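Structure, as structure tokens:
Numbering (my numbering), first residue to last: 11 to 110.
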């Protein structure tokens, strides 16, 4: 059986298939490693980053509504330095392509 080439180019980044995680919902990709081989994705799109770590908004971040929910997390994140030092090596170890 011939395996089809599913690779695509996204703004100059070539990935092996068009299946990418959604920014924010997949965290930094590390959270799912015990359950899923992230290297099978075309790319892991990590949650938003800022130069410095950001705690995000104070609690009451999520409110239920009749139509679903609203959230205002406030871009809580670990900052670029920690991302490069802690997250990037682990993503590279499993062979995951990532978009930050």
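For glycine and all other residues, C-beta sits at the position ideal for the given N, C-alpha and C. Quantities reported herein were computed from a predicted structural model and do not represent experimental measurements.
If the five residues before and after residue 109 are omitted, its C-beta is found closer than 6 angstroms to the C-beta atoms of 53 and 55, all from its own chain and listed in chain order. Taking a cut-off of 8 angstroms for Cβ pairs, the segment 97-106 and the segment 37-44 touch, as three or more such pairs fall below it.
DSSP places residue 98 within a helical segment (H, G or I) once states are collapsed to three. Ranked by how close their Cα comes to the Cα of residue 25, the residues 12, 48, 35 and 61 have 48 in first place. At least 8 angstroms separates the beta-carbon of residue 66 from that of residue 88. By the neighbour-count criterion, in which 16 or more other beta carbons inside 10 Å mark a residue as buried, residue 106 falls on the buried side. When DSSP states are grouped into helix, strand and coil, residue 108 belongs to the strand group.
For residue 90 against residue 61, the beta-carbon gap comes to about 5 angstroms, under 8 angstroms, which counts as contact.
Counting only runs of 3+ residues, the beta strand (DSSP E) found wholly inside the segment 13-59 occupies 18-20 and 23-25, in chain order.
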